[in-house]
Amino acid sequence: MYHPDENNYFDDKLSVYIEKVKVPTQDGLDLLGWYHEKDTKKNKTILFFHGNAGSLENRIHKLNHFRDMSVNFLIIAWRGFSGNEGKPSESGLYEDGESAIKWLEKKGVDKKNIVIYGESLGTGVATHLSQNKEFAGVILETPFTSMIDAARKFYPYIPVGLLLKDKFENKNKIKNIKSPILIMHGEKDQIVPFEMGKKIFEIANEPKYSYFTKYDNHMMEYDESLVKALNSFLINLN
1 MYHPDENNYF
11 DDKLSVYIEK
21 VKVPTQDGLD
31 LLGWYHEKDT
41 KKNKTILFFH
51 GNAGSLENRI
61 HKLNHFRDMS
71 VNFLIIAWRG
81 FSGNEGKPSE
91 SGLYEDGESA
101 IKWLEKKGVD
111 KKNIVIYGES
121 LGTGVATHLS
131 QNKEFAGVIL
141 ETPFTSMIDA
151 ARKFYPYIPV
161 GLLLKDKFEN
171 KNKIKNIKSP
181 ILIMHGEKDQ
191 IVPFEMGKKI
201 FEIANEPKYS
211 YFTKYDNHMM
221 EYDESLVKAL
231 NSFLINLN
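Structure below.
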């Protein structure tokens, strides 16, 4: 489930200024984070929860687009990723995400100005932590209904429901999100079936928005169309 050493992207260079920060957790870890601040009072702040593979560098091609948007952002590396100590687990990632929220709040960023962004595995953390909270918005990129559902796709003859400890039950939690939500998914996704993202969208509360494409695989193209949809969602948040 967790692949911290996998590298999906090569030679991407940051074109947006970031400050490397340490985000402390309650169980004694210091997580690596990249923080970009324009104006925390005027602009929303994206809290980015990445997927199950690779380092923060693997997300540079996405983060660079935030340079031209009126947003601040913090992206954290999970425990066990990007040189962080600790071992990833469902409860551990929830702690990491909660610690990042508290870090932003200590910087003076109110929850109502935070946009929670989950990518793939990160949608499990984003969905869990966004329940019954007044965040500015929630963005889920290639979300799954649950980790058990996703595992059954690859191991249909194994009782994954009994064996899998980290379940990330998005489908049972999405209905508890009251913030505006944007779901992004591609029909050609070979890792998380598009039907799962569509199902999450159907269950989600209004106001909800979708960016569904016919040709994107699991690693969605951060092209002009996606960036436009993302920026439009951010601009229209209260």
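Residue numbers (the working numbering): 1 to 238. Positions of the beta carbon are idealized from the N, C-alpha and C atoms, including for glycine. Note that the coordinates shown come from a computational prediction; the quantities given were computed from them, not determined experimentally.
Taking only the alpha-carbon atoms, compute the straight-line gap between residue i and residue j and give it to the nearest angstrom.
| i | j | result |
| --- | --- | --- |
| I183 | Q190 | 17 Å |
| E6 | K87 | 16 Å |
| E195 | I114 | 28 Å |
| G122 | F49 | 5 Å |
| Y230 | S70 | Here the sequence assigns Leu to residue 230, which means Tyr is not the residue at that position. Their backbone Cα atoms lie some 12 Å apart in a straight line. |
| S120 | G97 | 15 Å |
| K112 | Y215 | 34 Å |
| N236 | H65 | 18 Å |
| L164 | F81 | 21 Å |
Residue i and residue j look like a contact to me (Cβ under 8 Å); what is the Cβ gap, rounded to whole Å?
| i | j | result |
| --- | --- | --- |
| Y209 | L226 | Rounded, the Cβ-Cβ distance is 13 Å, inconsistent with contact. |
| N217 | K178 | Going by Cβ atoms, the distance from N217 to K178 rounds to 31 Å, so no, they are not a contact pair. |
| P143 | N170 | 6 Å |
| D11 | H61 | Contact flag wrong, Cβ pair sits at about 10 Å. |
| L140 | I200 | 7 Å |
If you reduce the DSSP assignment to three classes, tell me which class residue i lands in.
| i | result |
| --- | --- |
| F135 | coil |
| F212 | strand |
| H298 | The shown model of the chain, from 1 to 238, leaves out residue 298, and the question about it has no answer. |
| V125 | helix |
Among residues of its own chain, excluding the 5 on either side of residue i, which ones have a beta-carbon nearer than 6 Å to its beta-carbon?
| i | result |
| --- | --- |
| E19 | Y35 |
| V23 | L31, G33, I76, S99, A100, W103 |
| E37 | N72 |
For residue i, which residues in the same chain have their Cβ closer than 8 Å to its Cβ, ignoring the five residues on either side in sequence?
| i | result |
| --- | --- |
| E134 | K111, K112, K178, S179 |
| A77 | L31, L32, G33, H50, S55, L56, G83, N84 |
| T40 | N72, K107, G108, V109, N113 |
Counting only beta-carbon separations shorter than 8 Å, does residue i have a partner in chain D?
| i | result |
| --- | --- |
| D12 | No chain D appears in the structure shown, which is made up of a single protein chain. |
Excluding the five sequence neighbours on either side, which residues of its own chain have a C-beta within less than 7 Å of the C-beta of residue i, listed in chain order?
| i | result |
| --- | --- |
| D149 | M196 |
| V125 | F49, L93, Y94, G97, G118 |
Contained alpha helix (DSSP H) runs [length at least 4] in the region 25 to 109, N- to C-terminal order:
60 to 63, 90 to 106
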